[in-house]
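First the structure, in the form of structure tokens, and then the observations on it.
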Amino acid sequence: AQSVAQPEDQVNVAEGNPLTVKCTYSVSGNPYLFWYVQYPNRGLQFLLKYITGDNLVKGSYGFEAEFNKSQTSFHLKKPSALVSDSALYFCAVRDGSNYQLIWGAGTKLIIKP
Amino acid sequence: ETGVTQTPRHLVMGMTNKKSLKCEQHLGHNAMYWYKQSAKKPLELMFVYSLEERVENNSVPSRFSPECPNSSHLFLHLHTLQPEDSALYLCASSQESQGGYGYTFGSGTRLTVV
């Protein structure tokens with residue numbers, strides 16, 4: 005069965021430090037992988053995606069994610085966190101034969117000044 | 104503006120009321136979705152419409168009734184709701200044939216059932 009796991013409910017990082025939000029997945033075919041961010045009382049906003057090609061993908065607001073096929077992971081990273089990065093982050097996966105996204109449970113990211 | 108507009112942004116309704124949530128997308132997408140987001144729970148997919156036909160209904164109670172009159176509009180009709188139905192309801196759209204483009208979400212309707 006297809007699934008996405010975000011093992012951390014919450015991640016706390018000091019402003020200026022690097023951050024990582026973890027995501028692992030399980031799909032039957034080649035994965036399409038996505039990260040979305042949600043600010044309070046708002047919808048989800050697209051951050052970045054991996055379809056094919058370079059394993060390191062860059063997205064909005066200075067975020068990047070690394071696709072690791074052997075570890076079936078797609079961790080979200082940023083070299084230097086900002087307080088404004090505090091939000092809820094969702095990882096999602098879609099296999100090539102199905103247009104529907106499978107969502108992780110979300111990780112709350114808190115950046116402290 | 105994300106291209107997907109949801110109205111109203113906030114809704115308070117009694118358990119005996121009937122109301123509707125509206126979603127409109129201006130992106131030319133051919134699939135639309137309703138999600139329920141409750142505090143401290145994963146996103147729950149409620150309904151999927153593809154080319155205006157309902158293709159998925161994830162065991163949603165009948166007090167929720169979706170309607171997709173055309174590819175740009177999606178409604179969620181609500182009646183005799185329960186307090187546990189209070190949540191953020193999110194609409195999203197996508198282009199089926201373009202699997203790599205993910206979803207575009209609206210800002211959601213915050214529903215409170217009293």
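Residue numbers (the numbering used here), protein chains in the order written: chain D, 5 to 117; chain A, 104 to 217.
For glycine and all other residues, C-beta sits at the position ideal for the given N, C-alpha and C.
Since this is a predicted model, take the numbers as computed values, not measurements.
The region 54 to 73 of chain D in contact with the region 81 to 100 of chain D per 3-pair CB rule at 8 Å: Contact between the region 54 to 73 of chain D and the region 81 to 100 of chain D is present, because at least three Cβ pairs lie under 8 Å.
Closest residue to Val163/A among Glu147/A, Tyr152/A, Lys122/A (Cα-Cα distance): Locating residue 163/A in the second sequence gives position 60, counting from the first residue. It is Glu147/A.
Is Ser30/D helix, strand or coil by DSSP? Here residue 30/D is taken as the residue at index 26 of the first sequence, counted from 1. In this structure, Ser30/D counts as strand in the three-state DSSP scheme.
Taking just the CA atoms, how far does Trp137/A sit from Gly117/A? What you label residue 117/A is simply residue 14 of the second sequence in a count that begins at 1. What you label residue 137/A is simply residue 34 of the second sequence in a count that begins at 1. Cα-Cα distance, rounded: 21 Å.
Listing by chain order, which chain D residues have their CB less than 8 Å from the CB of Val151/A? Position 48 of the second sequence, counted from the start, is the residue given in the question as residue 151/A. Chain D residues near Val151/A: Gln104.
Can you list the residues of chain A that Pro109/D reaches, using a CB-CB cut of under 7 Å? The residue given as residue 109/D occupies position 105 in the first sequence. Note on identity: in this sequence residue 109/D is Ala, with Pro being the wrong assignment. What Ala109/D touches in chain A: Pro145.
Just the chain D side, please: which residues come within less than 7 Å of Tyr192/A by C-beta, in chain order? The residue labelled residue 192/A in the question sits at position 89 within the second sequence. Taking the beta carbon of Tyr192/A as reference, no residue of chain D falls within 7 Å; the closest one sits roughly 10 Å away.
Residue range of the beta strand (DSSP E) that Met118/A falls in? Within the second sequence, residue 118/A is the residue found at index 15, counting from 1. For Met118/A, there is no enclosing beta strand (DSSP E), as DSSP gives it neither H nor E.
Residues near Gln198/A by beta carbon distance below 8 Å, same chain, minus five either side: Translated into positions along the second sequence, residue 198/A becomes position 95. A distance below 8 Å between beta-carbons, with the five flanking residues on each side excluded, links Gln198/A to the following residues of its chain, in chain order: Leu130, Gly131, His132, Asn133, Ala134, Tyr204.
7 Å Cβ cut-off: residues of chain D touching Ser123/A: Here the question's residue 123/A lines up with position 20 in the second sequence. Ordered by position in chain D, no residue passes the 7 Å Cβ test against Ser123/A, which lies about 19 Å from the chain.
Using 8 Å as the limit for Cβ to Cβ distance, is Leu80/D near chain A? Counted from its first residue, the first sequence places residue 80/D at position 76. Leu80/D does not count as touching chain A.
Here's a check: name, in chain order, each residue in its chain whose Cβ is nearer than 8 Å to the Cβ of Pro22/D, leaving out the five neighbours to either side. Residue mapping note: residue 22/D aligns to position 18 of the first sequence, counting from 1. Hits under 8 Å: Lys81, Lys82, Pro83, Ser84, Ala85.
Report back the beta-carbon spacing between Tyr29/D and Lys53/D to the nearest angstrom; my notes put them in contact at under 8 Å. If you number the first sequence from 1, residue 29/D lands on position 25. If you number the first sequence from 1, residue 53/D lands on position 49. So it is not a contact: roughly 13 Å between Cβ atoms.
Does the contact criterion of 3 or more C-beta pairs under 8 Å hold for the region 119 to 126 of chain A versus the region 36 to 45 of chain D? Judged by Cβ distances under 8 Å, the region 119 to 126 of chain A makes no contact with the region 36 to 45 of chain D, as fewer than three pairs qualify.
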